[in-house]
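Numbering (the numbering used here), first residue to last: 290 to 846.
Written out below as structure tokens is the structure these notes cover.
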């Protein structure tokens with residue numbers, strides 16, 4: 290009997306604890322939903338810090354961001370760009386300052402964030418362009434920290450962790466360097482666009498409209514300092530292992546990022562809004578010289594310090610409500626119906642009640658302390674059980690979603706199989722008809738080919754006969770050619786001998802011709818001399834005749 294009573298008491302306690310857990314879980318979800326709806330609004334003003342802090346504490350209480358994402362996905366992000374901008378700001382806050390499991394729980398929502406950025410990037414809205422850039426930055430941030438879980442999302446990693454990351458394979462260091470450059474470039478593009486829009490619209494940083502745009506840049510500044518430090522260490526590591534010519538592109542990109550980050554810090558340092566929140570570090574005048582390994586010793590890590598500010602705290606209200614709830618059951622303690630017409634008796638009883646209250650008060654304090662201790666223990670157990678329950682619920686929800694997905698896949702496959710079977714049957718019938726037609730045609734072709742084959746065989750026999758006769762004629766022709774070639778060779782030899790004899794005869798005739806020409810020349814010269822003598826003699830004869838004639842006939846002169 291005693292064991293049964295103990296078991297019944299344990300069951301009652303278990304039922305009560307489950308009810309308490311369910312009530313607290315419901316209250317937690319209600320407060321989270323209220324904080325999300327009040328922080329992520331369409332009003333062009335920065336997120337209220339107290340609601341953002343409640344959401345951050347909620348992720349630490351829950352051990353993740355399942356509750357946040359379950360409510361955030363229902364926000365009308367595609368209908369209002371300001372709402373999307375503040376949503377990105379809240380997600381960035383949770384990634385930096387929320388529970389470490391926030392990165393893991395955000396894995397399945399990167400596609401939705403990327404799609405939201407593409408949507409607003411295609412629309413000509415005041416916040417559309419910066420929402421698109423912010424979405425890209427968040428996707429890069431989530432993917433980077435999922436790929437490198439040793440680096441926390443707030444980038445506040447110790448030097449030992451960074452050195453451990455850098456000490457891996459140089460190819461992986463090369464890949465990480467490119468990822469960090471992309472990470473930093475996305476943030477710098479976002480801040481440049483925000484400041485450019487504020488300048489074009491002449492927006493003041495002291496107004497709610499200006500602070501709505503500037504508030505996320507605080508997180509960018511907090512990210513940029515550690516990113517810059519990590520990038521410097523990565524580049525020095527690369528330059529110690531890889532030829533400097535291969536890293537020219539990395540140095541150029543880093544120089545551009547360094548100049549942009551320097552301008553960003555200088556401009557933010559002059560804005561009062563940032564002065565009240567953070568202390569922005571100074572960067573060196575020139576980027577580090579990666580070609581000189583000793584320059585790493587001169588590098589100083591830029592540290593962004595957050596100023597102490599008053600943060601809304603609702604613990605006093607919670608404690609007040611709790612203490613009030615503790616004493617509430619005692620309000621009706623020892624109440625009696627007093628006669629209205631007896632004030633002395635009422636005072637006496639009031640005095641007695643005061644004395645009893647004074648006696649009971651230490652006991653109440655002790656009970657209160659024990660109750661608070663029990664509450665703390667129960668809360669720790671509740672948190673543990675709640676995390677297990679939430680994990681089971683998450684697994685259950687995932688299993689339900691997976692089952693539904695599989696059921697839909699099976700249904701789709703069944704429908705596809707039915708359609709494919711029907712299409713296959715129709716296709717087979719069509720193919721059978723087509724095959725019959727093709728068979729008839731092939732049969733006709735076969736008969737035609739048989740007849741052609743017989744003709745070709747006959748022609749082949751004739752060709753073989755012609756080929757044999759042609760080969761015989763070819764052999765005779767070859768023999769005749771050889772005979773002709775021999776005769777030609779003999780004729781060539783005879784002609785050559787005759788030609789040599791003729792050449793010798795020609796040479797002899799040439800010599801005789803030369804000698805004849807010499808003789809002719811001599812004869813010619815002799816004739817010329819003889820002609821000269823005969824002419825002279827003729828002249829003498831003529832002169833003599835003339836003289837004689839003159840002597841004989843003088844009257845003619």
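Where a beta carbon is used, it is the ideal one built from N, C-alpha and C, also for glycine.
Treat the numbers as computed from the prediction; the structure is a model and nothing was measured.
On the CB-based measure, 16 or more other CB atoms within 10 Å of its CB, does residue 833 come out buried or exposed?
Residue 833 is exposed by the Cβ-count criterion.
Take the Cβ of residue 511 as the centre, count every other Cβ of all protein chains shown within 10 Å, and call the residue buried at 16 or more, exposed below.
Residue 511 should be labelled buried.
Taking only three categories from DSSP, how would you classify residue 592?
Correct three-state label for residue 592: coil.
Indicate the three-state DSSP secondary structure (helix, strand or coil) for residue 908 in the structure shown.
For residue 908 there is no data in the structure shown, the boundaries of the chain being 290 and 846.
Can you tell me where the alpha helix (DSSP H) holding residue 515 begins and where it ends?
Counting along the chain, the alpha helix (DSSP H) containing residue 515 begins and ends at 497-528.
Is there contact between the stretch 570-577 and the stretch 499-506, where contact requires at least three CB pairs shorter than 8 angstroms?
In the pairwise beta carbon analysis, the stretch 570-577 is classified as not touching the stretch 499-506: fewer than three pairs are separated by under 8 angstroms.
Check this for me: beta carbons of residue 321 and residue 348, under 7 angstroms apart or not?
The answer is no: Cβ separation not under 7 angstroms.
Between residue 419 and the rest of its own chain, which residues show a CB-CB distance below 8 angstroms, the 5 nearest in sequence each way excluded?
Cβ contact annotation for residue 419 (same chain, cutoff 8 angstroms, sequence separation greater than five): 374, 479, 482, 483, 486 and 502, in chain order.
Tell me which same chain residues have a C-beta within less than 6 angstroms of the C-beta of residue 514, skipping the five on either side of it?
So the list reads 591 and 593, once near-sequence residues are dropped.
Three-state secondary structure (DSSP) at residue 567?
In the three-state reduction of the DSSP assignment, residue 567 falls in the strand class, which pools E and B.
Leaving out five residues on either side along the sequence, give the residues of the same chain with a beta carbon under 6 angstroms from the beta carbon of residue 414.
Same-chain partners within the cutoff: 370.
Please say whether residue 542 and residue 427 have beta carbons closer to each other than 7 angstroms?
Contact flag unset, no.
Output the distance between the C-alpha atoms of residue 490 and residue 580, rounded to the nearest integer angstrom.
Distance between the alpha carbons of residue 490 and residue 580: 43 angstroms.
Is the separation between the beta-carbon of residue 441 and that of residue 521 shorter than 7 angstroms?
Taking 7 angstroms as the Cβ cut-off, residue 441 and residue 521 do not qualify as a contacting pair.
Start and end residues, alpha helix (DSSP H) containing residue 557
Note, residue 557: alpha helix (DSSP H), 537-558.
I'd like to know whether the C-beta atoms of residue 455 and residue 526 end up nearer to each other than 7 angstroms.
The answer is yes: Cβ separation under 7 angstroms.
Determine, using beta-carbon pairs with one atom in the stretch 691-705 and one in the stretch 327-340, whether at least three such pairs fall under 8 angstroms.
Judged by Cβ distances under 8 angstroms, the stretch 691-705 makes no contact with the stretch 327-340, as fewer than three pairs qualify.
DSSP state of residue 414, grouped into three classes?
Coil at residue 414, not helix or strand.
Fully enclosed by the stretch 763-845, which beta strand (DSSP E) runs are 3 residues long or longer?
Segments of the beta strand (DSSP E) lying fully in the stretch 763-845: there are none.
Secondary structure at residue 407, three-state DSSP: helix, strand or coil?
Of the three classes helix, strand and coil, the one that applies to residue 407 here is helix, per DSSP.
CB-CB under 7 angstroms to residue 616, same chain, minus the five flanking residues each way: which ones, in chain order?
Low confidence applies here, because residue 616 scores a pLDDT of 33, under 50, leaving its location unreliable; read the following figure in that light. Nothing listed; no residue qualifies.
Considering just the uninterrupted stretch of the alpha helix (DSSP H) at residue 449, what are its terminal residues?
In the DSSP assignment, residue 449 falls within the unbroken alpha helix (DSSP H) covering 448-455.
Distance, Cα to Cα, residue 326 vs residue 649?
The alpha-carbon atoms of residue 326 and residue 649 are separated by roughly 45 angstroms.
Using a 10 Å radius around the Cβ and a threshold of 16 neighbouring Cβ atoms, would you call residue 613 buried or exposed?
Low confidence applies to residue 613: its pLDDT is 34, below 50, so where it sits in the model is not reliable enough to give any reading.
Proximity winner among 644, 465 and 372, relative to residue 891 (alpha-carbon distances)
With the chain running from 290 to 846 in the structure shown, residue 891 is simply not present.
Which same chain residues, not among the five before or five after residue 362, have their C-beta less than 8 angstroms away from its C-beta?
Here the set comprises 398 and 401.
Could you spell out the range, first to last residue, of the alpha helix (DSSP H) harbouring residue 468?
For residue 468, the uninterrupted alpha helix (DSSP H) run begins and ends at 459-490, by DSSP.
Distance, residue 350 Cα to residue 585 Cα
Rounded to whole angstroms, residue 585 to residue 350 spans 41 angstroms at the Cα level.
For residue 439, name the three-state secondary structure that DSSP assigns.
Residue 439: coil per DSSP, three-state reduction.
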